[in-house]
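Protein chains in written order, with our numbering: chain A, 6 to 357; chain B, 6 to 357; chain C, 6 to 357; chain D, 6 to 357.
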């Protein structure tokens, strides 16, 4: 090993190296660079980080990177968050000024979450979970009475709220259903949405017109709770609503209150684990306890994408497989939990 | 109404006219032809049928049509079974000799059943029903432990047993998943299957190689129980199996016995309603009580397709929207129920 | 070779055996059946045909088959025209009464003709042939002036007149262009056309609205010359018109007269070879001397499809790879040449 | 008009305002910003530029922007080259350090060039231009002899050299042909190429395996002439080669020398206008005098994309419809013309 090999700092906490790289992937990483990491669990200690800075070309993890540290890393070309978000402990602006790529593995979750979202929608459209439960309880119904509420997704009007990687992955899965697709995404011009075969519409219009609504938007400083009671009321009786991104974009108690009139599924909750006495547990909402993204296939994909982009970055080329932080929007992202029930709301829901 | 208008005999039993035609569709039917039908429920009485035969151009229903009746209907061009099958009370051979089309509304069920089949597969792949149940019971798990068994359908190897209308509808729904598709259908050459982007394979090969198997074949005189215990054993641990066509093609007790090793869902059962003490009710099988086909959208579609093809037939053109009985295969179709459990099997399953 | 092997009469005239079957395909044929044929060129002599009738299961070719011959062929299950049409020397009605399939290899031409039709349309849209000629003559123009008339097919409104195998093959090729597709086909209901993502419209509407019109209809007893001068006038200035099926569906002199106002290409002509003094030779029409269908790939495909369907038919199954004559429409097909120029028209066109 | 409106400097030379914006688009621009421009043709004079710098939010054009000018434009957020390239008169590094977007309208040319490239390939595959010429000369051939060399693109092996916007646009157009797609692009990992349904391969492998090769790569400082005589020799006899990006990536004399053995089309030439005595004019190459990109639809699209991205940039959001200069690669781009013939080569080609 000579000094000419690029140096990569591997600081995977709160993940572990073995979660990100399988043995083959780890071998590929070592073939590509000299890897500096810590033996013990937890973050790589500061002394190791500091010692590596002068030589490091890429950092994999959530290492603190204030401007002064970045200044001490003259070879640094990329910071890759291996958990799927952009944290404020990295001075993104200092990175951008230097042309250091700030990357996230978020794209690995797009297809897994999209498949789950579609599965939840089909479940609501056809009453899959409900009728399995009925058979186990001996209350199932047959014939037309049994499926009088069943609807098709094929040729339905489907609204996507948010059209980032997740929205696009879901659009692709929906191709075979030949839906009419409405998209609301305030960061995208209508023409970009039209290029994907979708119609750009306002949020109110989307909610009122859609047979099925997928909530796929991330949380920004501007949008917590933007799917509120008034928004939900715009949806028509029996319409399907799947929450697949972040609980914080929804007024969650209002959502639970609409279950029954609407067919609702969610994979995310304001508090996780869900409190034992949370009324949602016995509600009509189809409940998926945050199981959409973190599946084995996603973790395998993290290793692949990190290595692919690391190879590009070390070769002086732009990364293409991870999400690149955008100078304009990186500061808007939030990781808030969303509003939970007031006592009154909890009591009212529990009484239903 | 003059004698020049074509005459259609409407004999919808065991359905009712209102199940097949909504008011607009019924008006369209009356605009197209003089409609002979019965006021009361049940089959159109023989005297009305006999009186209509000399003038009738098309029969909608399951009227008995032995050769001698067909001979008395010189204008008859089409017999349309509005329930979705071909019954032996129509002398199909006598029809074919005369060029009378024997048609069924079966295509209306293809998309509804395909969507249900996909929904069941996604449910099994992600544990949707099971984890909803867990939340209700307070036993849900979070994080990687919660979805360690979850798999993607995207880019999976998916096997379709049977590639008629249902198989093709499902193939279309799966487009966005970019799967590797294996097809087993002994009535189709490999090139026909390849034209749809699928690979023709033998049944054993399909079962051994597939991550997900959809059973979509109809019952013929040759295939009852062809998915037997040996066939099921060829599937690998954790593979997904969805039975969406007829219970009779499977050795059903053997299927239930594999639940757990395989992830299994079924929409059909050897006895329906499912007996109260049927061990399947408490098995690991995902249970859908015959709810895949008969949904409102399918019934709406019956009216549309019958009217479209009736218009073509009355204009002297070939029908294109309904299934045409094939001279070579109409005699092979069966409507058998499938094998149920022996007492020993039921006891063994109940003891699990 | 025992008497139990099925017997196939191979009577390929006006083609030759070697045009239809390559050596591998011929071996496959011989493995499948006892083949009766003639050594010399031309039709199989009557004595050989007559001798084979009692034993023959399938006839490949254009053998005369009046009802009395069919009656002498009790095992006959299929008659396969290897040239691509249905000729009146086969008593189709007698075949249908017996359940004998009357088949044609026409589907092999669908993709080759569709690709040529698209190539001709792209040529007209971009002036490919014209600008190659200009470079050779030293008169080419550069920059915006050089392509001021150029148009895109992407997102264009494209009309398909006729939506059989050829129309469907072309629709598939056009997928990537995301066009708005209008279809006129009087034999198909709107819903069938909509299932393929197209809009069913009347002929006049199609001609008036389309940026590009493909003429893909076959000739029937009802439609010779239905694309007449009045129809052509409905198209807007600069619109693209590609004639890819049969010259007889067009008033050909009127077509040539519109060249210049419209951008026109044709692969078929009322007289072939085109007369030496035909004014079309020096017209603005893009000229393809009947080269769309009969390419090597099509001939290879003939062998494949014939063998695939022969295997099905001999196994008692319905054929799926060839075109099946339809009882309702087989009598409507024609093979007429189309109207050519009057002397006055020829003179007028020559004078342009 | 108040000082609060953003200011946009419009400096369209060598284009004109009317080429970039139609009247509706111009109105949309004026509604969005205060527009500073020059009345006369040519570049906006320096004094106007300098006066605008303190207030300008975006510059549309090819204005000289050395670092010192950028430093005097504190509000500047985007520089949009309206001709489709990145020129060295903009100090891109200074822009990147500040987060100023450097954008190009190049994406508007992707679909127009892709359609032309496909049209040229279909022309070569079917001999469209050649057979039109033959009919005009009275030398056309009919029947199988006339199209013995014709090949299909459907299911062909097609190689794309370069997989940027143009390559992706062409891939999309090719969908309906169900090709096997090989891609060579040294800036992309295999997984990115696989996501688009293509196989990443080395250049030599691509050239040797492909039935059709599209040359779609831009010129960088590393690749002039990389498609040289040795590369061309790897292609098999009769293979199709379409040059649709830049003449400089090819050893052009070697390309012309291969015409005949290969089927070759080109839209670009080392010298444009093509010299009057250039031997390519009478060669077997299909000749398109740089007509692929600059069509009316592309110019319309420039206005749309510029306005869409300007709106995003002024709202503080990332642009999505134009090409963003990449810090890693912007310095690699070149606009060289490509090697022309030596006298000996010209003489040799002329003698053929």
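A virtual CB, placed ideally from N, CA and C, is assigned to each residue, including glycine. Quick caveat: nothing in here was measured; it's all calculated off a predicted structure.
- The beta carbon of residue 268 of chain D sits closer than 6 Å to those of 129, 245, all from its chain and outside the five residues before and after it, given in chain order.
- The three-state reading of DSSP puts residue 197 of chain C in helix, counting H, G and I together.
- Interface criterion not met: the Cβ of residue 180 of chain D is under 8 Å from no Cβ in chain A.
- At least one beta carbon of chain A lies nearer than 8 Å to the beta carbon of residue 294 of chain B.
- The residue among A:240, A:271, A:308, A:305 with its C-alpha nearest the C-alpha of residue 291 of chain A is A:271.
- At a cut-off of 3 residues, the continuous stretches assigned as beta strand (DSSP E) that sit fully inside the region 110 to 192 of chain A are 162 to 166, 185 to 189.
- Note on geometry: alpha-carbon atoms of residue 94 of chain D and residue 49 of chain D lie some 15 Å from one another.
- Short of 8 Å from the beta carbon of residue 253 of chain C, and not among the five residues preceding or following it, lie these beta carbons of its own chain, in chain order: 224, 229, 230, 275, 339, 341, 342, 343, 344.
- In terms of CA proximity to residue 232 of chain C, C:208 leads the group C:208, C:351, C:308.
- Contact of residue 190 of chain A with chain D by beta-carbon distance below 8 Å is absent, the smallest such distance being about 10 Å.
- Residue nearest to residue 75 of chain D within the set D:142, D:148, D:62 is D:62 (criterion: CA-CA distance).
- The bridge partners DSSP lists for residue 48 of chain B come to none.
- Contact of residue 87 of chain D with chain A is not assigned, every C-beta pair being separated by 8 Å or more.
- Close partners of residue 123 of chain D in chain C (Cβ separation under 7 Å): 127.
- Excluding its 5 nearest sequence neighbours in each direction, residue 220 of chain B has C-beta neighbours in its own chain below 8 Å: 166, 167, 232, 246, 247, 248, 249, 250, 254, 255, listed in chain order.
- The C-beta of residue 145 of chain D has 16 or more other C-beta atoms within 10 Å across all chains shown, which makes the residue buried.
- Residue 293 of chain A is positioned such that its CB atom lies closer than 8 Å to that of residue 137 of chain B.
- Counting along the chain, the unbroken beta strand (DSSP E) around residue 245 of chain D starts and ends at 245 to 248.
- If one requires a minimum length of 4 residues, the alpha helix (DSSP H) runs lying completely within the region 232 to 286 of chain B are 234 to 239, 257 to 263, in chain order.
- Contact annotation: residue 152 of chain A and residue 176 of chain A have beta-carbon atoms that are not nearer than 8 Å.
- Under DSSP, residue 94 of chain A forms no beta bridge with any residue.
- In the DSSP annotation of this structure, residue 26 of chain A is not part of any alpha helix (DSSP H), being labelled neither H nor E.
- With contacts defined as CB atoms closer than 8 Å, residue 216 of chain D and residue 133 of chain D fail to qualify as a contacting pair.
- Any Cβ of chain C closer than 8 Å to the Cβ of residue 207 of chain D would place that residue at the interface, and such an atom is absent.
- Contact note: residue 333 of chain D reaches chain A through 321, 322, 323, using a C-beta cutoff of 7 Å and chain order.
- Against residue 137 of chain D, the close residues of chain C are 134, 291, 292, 293, in the order they occur along the chain (beta-carbon pairs closer than 8 Å).
- Scanning D:149, D:356, D:317, D:312 for the CA closest to the CA of residue 87 of chain D turns up D:312.
- Selection B:13, B:189, B:124 evaluated against residue 59 of chain B yields B:13 as nearest (Cα-Cα).
- Nearest to residue 92 of chain C by alpha-carbon distance, out of C:113, C:69, C:106, C:81, is C:69.
- Only those residues of the region 271 to 290 of chain B whose C-beta falls short of 7 Å from the nearest C-beta of chain A are listed: 277, 278, 279, 281, 286, 287.
- Within the same chain, 258 come within 8 Å of residue 347 of chain A by CB-CB distance, once the 5 residues on both sides are set aside.
- For residue 148 of chain B, the closest C-alpha among the options A:64, A:260, A:172, A:273 is that of A:273.
- Secondary structure at residue 356 of chain A: coil, using DSSP grouped into helix, strand and coil.
- With at least 16 other beta carbons inside 10 angstroms of its own, residue 283 of chain B counts as buried.
- Ranking B:226, B:214, B:227 by CA distance to the CA of residue 237 of chain B puts B:214 first.
- Looking at the backbone, the Cα of residue 80 of chain B and that of residue 103 of chain C are separated by about 20 Å.
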